[in-house]
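Residue numbers (this note's numbering), protein chains in the order written: chain L, 1 to 270; chain V, 271 to 536.
From the three backbone atoms N, C-alpha and C, an ideal C-beta is built for every residue, glycine too.
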Amino acid sequence: MMSDEKIKLTKKDRRHAAVRYNFMACNIFNYESQMGPAVAWALAPALRKIYPNDDEYEMALENHFNYYNSTTVMSSLILGASLAMEERDGIGAKDAVQSLKTSLMGPMAGVGDTLVWVLWPTIMGSISGYMALQGNPLGAIVWLIANIVFWFVKLKMFDVGFTSGTKLITSLGERLNIFTESASIVGLSVVGALVATVVKISMPVIFQFGKVKLNLQTGVFDKIMPALLPALLTLLIYKLLGNKKWTPTRIILLVIGISLVGTFFGIFKA
Amino acid sequence: MTGINLIQDILIIILAAYMTVDQNGLVIMSWFPVIVGTITGIIMGDLTTALTIAGTFQLMMLGVAALGGASAPNYGLATIVGIFVAVRTGTGIKSAIAVGLPVGLLAIQLEVVARIIVNFLAHRMLTDVKNHDFKKMQREAWWGPALFSLQTGLPAILIVFFGPDVVKFILTVVPSWVTDGLTVAGGMLPVVGVGMLLRYMPVKKFLSYIIVGFVLAAYLKVGVLGVALIGFAAAYWYFISESKKVTSAATNTNAVSEDEGDDYDE
């Protein structure tokens, strides 16, 4: 049965889909289709309204089961836009929906991951981490409240994607690269500061030449430049990470090994 | 006394199990040590110890991000079990690092296992759709979060039941240079996250900004927020000037902007 009458999704339907997606996101994550099943599950009730016909509904769902992965905030935008396409054109939009998703998930993840998973946790983490060390939970509480606010931002992004559609995303796409690079500039400045403050390594070994005592850390390294050892260690780890054999887990074990040996021989002090 | 302990045990297991489900979806508490650690501290009734441990793991975790489906050491789980053991045994931060770090590292393996099992679930859901059994697909999806909750829930159960006794035994057997060495490692480990961050980001193009950040913090003792603001100033200027280039290039020739569009497809 083919009918020309348009099915309109209500605001509640859209909000429901956004909530379902942002809850399930990586909770059905697998190595084959990654976020695919979560996308299909999240959009299922809304798609059911668009496709009362079982065969069309099946095709639409299968389409969403395909490989998909992006940052959830940005995904909300993409999935909102693709749901709008299906509402307008029905199952005829299937291929357009698929190509919209695959072409945008990469660049969107680029900017989303930089902001959501790199920049924000790094800045918040270093501020609230130091506060916590001083026994102050304020940083953690602010972070928690901010995350609750972000939850509503994500739901809003789904609506923005739905109402302004593909036009907004493609026009955003042209500047996305510059935006990602700008975010990287903030990120790298912060990383530079972290090397100097958060990475802690010192070698307070004391050499004695006759009556002259020389502390390796305060007498030599600190005289050359502050945070010399952290900078050198960072360079070493950065080089190691470029080698496929050195996974982060192995490097963590290496650092623990060096610390144990160094502490045993009294080179490092706790 | 034992009644309170039992309630704490149950809450800790629920917290650990819920953490992964939250991190995979809602990202409200997520797996960030200071947030998770504050909640653990309230449960265990010792916020001071909890915050010290949480802060230590938080700094270790800086830069560690599981991007594009990769796995990373679970410092959130390390924080929960570390605080639990430290408060329950009264042994403080040293035992927290000694127990938390290995558990956080082992959690990576469990995540890989969970994702492989979920692969079967994904196929079952797809089969349901093909059989037009749509309701069943909707129901079965809930196995996903249930399985992922075990990724951190199971280690927490083991630690809650055996942790404190094992830790008390280990601390009597292990010499002090080992626990001291682990504390030293705790100070050094943020370097791994920093290194990973540098690998994700365009280091060669923007090396100058790393140096600026380093000098501001090491020589001038500017705090992280101050450095971020200076970075933001530079980023803002970069964004404005580069955006102008794009718009002027687009109005000059359409061919140029089409060429640039190709880059995004890679």
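Residues of chain V with a CB under 7 Å from the CB of residue i: which are they?
i	result
V195(L)	V464, F484
T218(L)	Residues of chain V passing the Cβ test: none, with the nearest at roughly 15 Å.
F23(L)	G295, L296
I127(L)	V494, L495
With DSSP as the reference, label residue i as helix, strand or coil.
i	result
Y67(L)	coil
L30(L)	Residue identity check: residue 30(L) is Asn in the sequence provided, not Leu. Strand, per DSSP.
V464(V)	helix
N215(L)	strand
I298(V)	coil
Q379(V)	helix
F268(L)	coil
D279(V)	helix
I206(L)	strand
N53(L)	coil
H16(L)	helix
V421(V)	Reading off the sequence shown, one finds Gln at residue 421(V), where the question assumed Val. Here Q421(V) sits in helix by DSSP.
Under 7 Å Cβ to Cβ from residue i, same chain only, skipping five residues before and after it: list those, please.
i	result
P434(V)	V355, R358, T359
L138(L)	M131
G192(L)	none
Under 9 Å Cβ-Cβ, which residues of chain L neighbour residue i?
i	result
M471(V)	T114, V118, S184, G187, L188, V191
N389(V)	N30, Y31, E32, S33
Run down chain L in chain order and give the residues with a C-beta less than 7 Å from the C-beta of residue i.
i	result
F418(V)	N27
I378(V)	T249
At a CB-CB cut-off below 7 Å, which residues of chain A make contact with residue i?
i	result
K200(L)	The chain labelled as chain A is not found among the protein chains of the depicted structure, namely L and V.
Note down the Cα distance separating residue i from residue j, rounded to an integer number of angstroms.
i	j	result
M131(L)	P204(L)	27 Å
Y328(V)	N215(L)	A quick correction: the sequence has Gln, not Tyr, at residue 328(V). Going by the C-alpha atoms only, they are around 31 Å apart.
Y534(V)	L240(L)	Because the pLDDT of Y534(V) is 42, which lies under 50, any placement of that residue in the model is unreliable, and the number read from its coordinates should be weighed accordingly. Answer to the nearest angstrom: the Cα atoms are 29 Å apart.
I408(V)	G92(L)	Contrary to the premise, residue 408(V) reads as Gln rather than Ile in this sequence. If you take the alpha carbons of Q408(V) and G92(L), they lie about 24 Å apart.
P230(L)	A18(L)	44 Å
A42(L)	W246(L)	38 Å
M395(V)	D403(V)	9 Å
G346(V)	L424(V)	14 Å
I378(V)	A342(V)	6 Å
L468(V)	L188(L)	8 Å
M124(L)	Q134(L)	16 Å
E86(L)	A96(L)	9 Å
N22(L)	I256(L)	37 Å
What in chain L is Cβ-close to residue i, meaning under 8 Å?
i	result
D316(V)	Neighbours of D316(V) on chain L: none; closest Cβ ~11 Å, over 8 Å.
S300(V)	N147
Which residues in the same chain have their Cβ closer than 8 Å to the Cβ of residue i, if we skip the five residues on either side of it in sequence?
i	result
Q34(L)	Y67, Y68, N69
I251(L)	I237, L240, L241
V195(L)	A227, P230, A231, T234
CB-CB under 6 Å to residue i, same chain, minus the five flanking residues each way: which ones, in chain order?
i	result
L332(V)	P460, G463
P107(L)	L176
I427(V)	I283
P121(L)	none
Run down chain V in chain order and give the residues with a C-beta less than 8 Å from the C-beta of residue i.
i	result
P52(L)	Correct list: empty, because the minimum Cβ distance to chain V is about 12 Å.
Can you name the residues of chain V whose CB is closer than 9 Å to the CB of residue i?
i	result
I91(L)	By Cβ distance, chain V contributes nothing, its closest Cβ being about 14 Å from I91(L), past 9 Å.
I224(L)	Those do not exist, as I224(L) stays about 12 Å from chain V at its closest Cβ, beyond 9 Å.
A231(L)	F484, A488
Item to check | chain L contacts made by the region 393-413 of chain V, where a contact means CB separation under 8 Å | outcome: M395, L396, V399, K400, H402, F404, M407, Q408, A411
Item to check | Residues within the region 55-88 of chain L neighbouring chain V, beta-carbon criterion of under 8 Å | outcome: Answer in chain order: Y57, E58, L61, E62, F65, N69, T72.
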